[in-house]
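Numbered according to the working numbering, the sequence shown terminates at residue 629, and the numbering increases by one at each position without gaps.
Using N, Cα and C, we set each Cβ at its ideal position, and we do this for glycine too.
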Amino acid sequence: MACCILPRRPTGSDRHHGKTTTRPDRSIPVTKPFPGARPETHDASLRSTSRLTALDAAHLLDTPPEEVFDRAVRLATRITGSPVGLLSLVDGDRQFFKAQVGLDGQVAQDRQTPLSHSFCQYVVSSNAALSVRDARDHELLRQNLAVDDMGVVAYLGVPVHGPGGEPLGSFCAIDSEPRDWTPAQIEALKDLSRMLETEIALRQMLDDRQLLLREMNHRVKNIFAMISGIIRLSRRRETSADDLASALESRVQALAQAHELIVPVVVAHEQAGPQISLQKLIATLLEPHLDREIERVTIEGPNLILGQKAVTYLALIFHELATNAAKYGALSDTDGALTVSWQLAGDKVEIDWIEDGIAPPLHGNSPETGSGFGTELLQISVERQLDGRLITDFSGATMTRHITLPEAVLRV
């Protein structure tokens, strides 16, 4: 990388303060902790699932510049008198500049660098402010490629947090000359950082509200569809008005019990369901959709007691799958069959939801596109909230949803 963000200083075996400096070793690891810190701790902090999930949820990575963030960075450079200011978001292998002042050359166009050129990674991994007078004298930072390639000498950075307290990046000021950062400058950057945190939190609240409205609209439509299906199912079986009324009352009550397990996805992390087994959870959510001929539904797997948080998310997942099966899939007529099975595979739980006797288009979308809100809701719950993986396969008259989840997540 041969781009300089600050006035180019001499490189190679140049002298400063009467000492000789050498070019940094370009074979150093991309991430390396400060002396005394363990490498695995630094790396684990950067790649923490909860932190990266929070960073993704902020919807700031790889987005265009925005005046609200640019304004804060401009103010930081005025307060500190530094030529460069950044709002740097750090993911697992790079830093992305959401806002910047003073960058030049290719790095200004790219708005990102690998972590080999990042001081901000240490602000994130330590979740603390970092003040550096002269990186060329620093035991670790003098080997960072930002010193040689980008002219970074003095650095002051403070963490920027997501709504849940996870460090997302660094709000920093940079100079090409040594300088002593004052306590007032450090506090000023912290104040500006808190303002940015408020902006990020408000944006996420707005996103959550919009998602909640979409989910509630989706849920209400599902309820009407389920009640219609319950009436149709009961009418096929019952021969008298009294029997029909009794069957409807029983199934609507079962539907109400199932819905007690379900909360909106945007608040699921704040609420906890009961501790029950996976088999009991699935059976409860399927019960409103079943006729007396329950032999066409198979639920099998080892006994797995779920933690309260896991119940909350899994209830949403299986409710969505059961509703779709009743509306469009295996439970929508008497010819379909449903098998739900799971097994332990190392530190993972593999769950298969298999519907037989159905025909495309499935669940309002083709399984290849998965463009509906129900599919989006499933992906949010499985992949973002439970750190799992969801794969949909459609073959002939059989649809399979394969869900892989960390076992540890299901115990929480």
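Asked                                                                                                                                                                 : Found
Measure the Cβ-Cβ separation of residue 340 and residue 387 and say whether it is below 8 Å.                                                                          : yes
Is the segment 398-405 close to the segment 289-305, with three or more CB pairs under 8 Å?                                                                           : yes
Would you kindly work out how many angstroms separate the C-alpha atoms of residue 269 and residue 462, rounded to a whole number?                                    : 51 Å
Which value, in whole angstroms, describes the spacing of the CA atoms of residue 629 and residue 521?                                                                : 12 Å
Using only CA atoms, which one of 552, 527 and 430 lies nearest to residue 627?                                                                                       : 527
Express the C-alpha separation of residue 603 and residue 397 in angstroms, rounding to a whole number.                                                               : 45 Å
Determine which residues share a DSSP beta bridge with residue 348 and list them.                                                                                     : 373
Nearest CA to the CA of residue 597: which residue from 420, 531 and 292?                                                                                             : 531
Between the alpha carbons of residue 607 and residue 356, how many angstroms are there, rounded?                                                                      : 45 Å
Have a look at 376, 349 and 377 and flag the residue whose alpha-carbon is nearest the alpha-carbon of residue 364.                                                   : 349
May I ask you to report which of helix, strand or coil DSSP gives residue 562?                                                                                        : strand
On the CB-based measure, 16 or more other CB atoms within 10 Å of its CB, does residue 362 come out buried or exposed?                                                : buried
Just curious, the alpha helix (DSSP H) that residue 323 is in, first and last residue?                                                                                : 323-327
Below 8 Å on the Cβ atoms is my contact criterion, and I expect residue 314 with residue 279 to pass it. Report the Cβ-Cβ distance as a whole number of Å.            : That pair is no contact at about 11 Å.
By alpha-carbon positions, which one of 423, 457, 605 and 601 ends up nearest to residue 272?                                                                         : 601
Does the pairing of the segment 417-424 with the segment 300-311 give three or more beta-carbon distances under 8 Å?                                                  : no
Would the beta-carbon of residue 347 fall within 8 Å of that of residue 374?                                                                                          : yes
Decide if residue 498 is buried, meaning its Cβ has at least 16 other Cβ atoms within 10 Å, or exposed.                                                               : buried
Please state whether the Cβ-Cβ distance between residue 495 and residue 518 is less than 8 Å.                                                                         : yes
Hey, would you say residue 605 sits closer than 8 Å to residue 572, going by beta carbons?                                                                            : no
Could you check which residue in 372, 553, 286 and 338 has the C-alpha nearest to that of residue 353?                                                                : 372
I need the straight-line Cα distance from residue 292 to residue 431, nearest angstrom please.                                                                        : 38 Å
So residue 304 is in the beta strand (DSSP E); what residue range does that whole segment cover?                                                                      : 301-307
Check residue 248 in the structure and name its three-state DSSP category.                                                                                            : Its pLDDT being 41, under 50, residue 248 is placed unreliably by the model, and the measurement read from it follows with that caveat. Coil, per DSSP.
On the premise that residue 561 lies in contact with residue 504, defined as a C-beta separation below 8 Å, what is that separation, rounded to the nearest angstrom? : About 26 Å; that fails the 8 Å criterion.
Checking the sheet assignment: what are the DSSP bridge partners for residue 502?                                                                                     : Answer is none; residue 502 lacks a bridge partner.
When the distance is taken between beta carbons, is residue 574 closer than 8 Å to residue 552?                                                                       : yes
State buried or exposed for residue 379, treating a residue as buried only when at least 16 other CB atoms are found within 10 Å of its CB.                           : buried
Does the beta-carbon of residue 331 have 16 or more other beta-carbons within 10 angstroms, so that it is buried, or is it exposed?                                   : exposed
Can you name, in chain order, every residue of its own chain whose Cβ lies under 6 Å from the Cβ of residue 557, other than the five neighbours on each side?         : 499, 516 and 570
Shortest alpha-carbon distance to residue 537 belongs to which of 592, 548, 566 and 559?                                                                              : 592
Do you know offhand how far residue 329's Cα is from residue 311's?                                                                                                   : 7 Å
What is the DSSP secondary structure of residue 275, reduced to helix, strand or coil?                                                                                : coil
CA-CA distance, residue 309 and residue 543?                                                                                                                          : 41 Å
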